[in-house]
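The structure appears right after this line, and notes come after that.
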Amino acid sequence: MSVKPIWVFFNAIFLILLVANSEEEGTIKALVTFMDKLAPGFVPTDPSWGWNLSSDPCIDKWYGVKCHSDNKNVMSVTLEKFNFGGGFDAGSLCITKSLQMLSLKDNSLHDSIPEDIGNCKSLTHLFLSGNQFSGNLPISVGNLSNIIRLHISDNHLTGELPKMVHVSSLISFVAQNNNFTGEIPSFDFYNLQEFNVSNNNLHGPVPDVGGKFHADSFTGNPNLCGEPLSNACPPPPPPPPSPSPPPSPPSHEKDKKSFPNDLFIYSGYLVLGLITLIFLTFKLLCNFKTKEKVLDVEKKEKAEESVGVVGMAGEISQSNGSKKYIGIRSEPPVAYYCSQQEKLLAYEFMQNGSLFMLLYAGKW
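With mature numbering (1 follows the signal peptide of the UniProt record, and there is no 0) applied, the sequence shown corresponds to residues -22 to -1, 1 to 342, in that order.
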């Protein structure tokens, strides 16, 4: 029963060694591919050159290669001043995950710096100065969060510099003698100890470097301005004027458009005025009729109150304009006479005098 666990243990050890060996073989193959593209047709004369599939970069100490103390992982590659005229295969090189430093300066390497350089996550030092690299500096350089020194001077690089503001570990950035354009992007100038972008085609104001760098770090860019350079920046342009309101239509068109509205408004005023006038007229007529009814009732009451020995009371208008209330006998008259001037009643007999005496007593 104890044989099976031992067999499993040795199997696991064998698999680990196999995987480790396959990883080492993959790294060696990637480094050889990198060298073949870096120096196509190069035939080394030094027997200790290495850089082949039959040797190990750490154990056999390939030229320009340094490894960590465990002699298993490549730490740096330095191949300077060999006049290599090939290209930079960063995709193959960055398979070596432990690579911290790469120096290829002072060769004749051409083409562009590949975007794959951003896959070298452990890279702290990158020296590519003194070659013939062209094109833009890849944006992925800004993803090298551990980079400390980045030197790309004396090439033919163009385009804008990538933003490195989030790379707080950067202490040296050297990019003079290229063809970079645009403005100087944001850097963490607080940590920078070396900075040079002279002799490019940069423009705009120099960022606030806190007095750490002198004018020679920025000269050779005719369109750069501001301290520490001698040419001051021009004042900012005034803000653009606010858009003017649309032109108003001609007066005759405006009158034509406003006429229907005015007619509607004035018609409303006219109707409202007529309604008010009718209401007031109706109110006055109602008040007048009410007053007439009150007067008629009062007269009737006065006439009914004047009942005496003669009979019912009546009102007589006299020739001098005065009015007199008299009692009229209740008995039916014998005859009567009525005209515009006179109104007469004839009775058979009246006690206490005649109607004439009753009406005109004291006037004769």
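Beta carbons: idealized from backbone N, C-alpha and C, even for Gly.
{"Query": "Give me the DSSP bridge partner(s) of S150.", "Result": "R127, E172"}
{"Query": "Give the secondary structure of D89 by DSSP, where H, G and I count as helix, E and B as strand, and everything else as coil.", "Result": "coil"}
{"Query": "What residues in its chain sit with their C-beta under 8 Å from that of S(-1), if we drop five residues either side in the sequence?", "Result": "With a pLDDT of only 36 at S(-1), under 50, the local geometry of the prediction cannot be trusted, and the value read off the model is given with reservation. Once the five neighbours on either side are set aside, S(-1) has no close Cβ partner at all."}
{"Query": "Can you confirm whether the stretch 26 to 34 touches the stretch 53 to 62 when touching is taken to mean that 3 or more C-beta pairs between the two stretches lie within less than 8 Å?", "Result": "no"}
{"Query": "With DSSP as the reference, please indicate the residues paired to N201 in a beta bridge.", "Result": "H181"}
{"Query": "Secondary structure at N97, three-state DSSP: helix, strand or coil?", "Result": "helix"}
{"Query": "What is the residue span of the beta strand (DSSP E) that L122 lies within?", "Result": "Looking at the DSSP string, L122 is not in any beta strand (DSSP E), and its letter there is neither H nor E."}
{"Query": "Quick one: Cα of N49 to Cα of V21, how far?", "Result": "26 Å"}
{"Query": "CA-CA distance, T11 and G198?", "Result": "39 Å"}
{"Query": "Roughly how many angstroms separate the alpha carbons of L9 and F66, rounded to a whole number?", "Result": "12 Å"}
{"Query": "For N97, which residues in the same chain have their Cβ closer than 7 Å to its Cβ, ignoring the five residues on either side in sequence?", "Result": "C72"}
{"Query": "In whole angstroms, what separates the C-alpha of V275 from that of T254?", "Result": "Here V275 scores only 47 on pLDDT, less than 50, and its place in the model should not be relied on; the value that follows carries that caveat. Whole-angstrom Cα-Cα distance: 32 Å."}
{"Query": "Should the stretch 133 to 152 be regarded as contacting the stretch 188 to 202, the criterion being three or more beta carbon pairs within less than 8 Å?", "Result": "no"}
{"Query": "Let me make sure I understand the geometry here. Which of Q171, K99, A210, K141 has the alpha-carbon closest to that of L122?", "Result": "K99"}
{"Query": "Decide if L248 is buried, meaning its Cβ has at least 16 other Cβ atoms within 10 Å, or exposed.", "Result": "exposed"}
{"Query": "Below 9 Å between beta carbons: does that hold for D38 and G28?", "Result": "yes"}
{"Query": "Apply the 10 Å Cβ neighbour rule to I162 and answer buried if 16 or more other Cβ atoms are within range, or exposed otherwise.", "Result": "buried"}
{"Query": "Within 10 angstroms of the Cβ of C264, are there 16 or more other Cβ atoms? Answer buried if so, exposed if not.", "Result": "exposed"}
{"Query": "On the criterion of 16 or more Cβ atoms from any shown chain inside 10 Å, does L258 qualify as buried, or is it exposed?", "Result": "exposed"}
{"Query": "Around the Cβ of K75, are there at least 16 other Cβ atoms within 10 angstroms (buried) or fewer (exposed)?", "Result": "exposed"}
{"Query": "Measure the C-alpha to C-alpha separation of N155 and N177 and round it to an integer number of angstroms.", "Result": "5 Å"}
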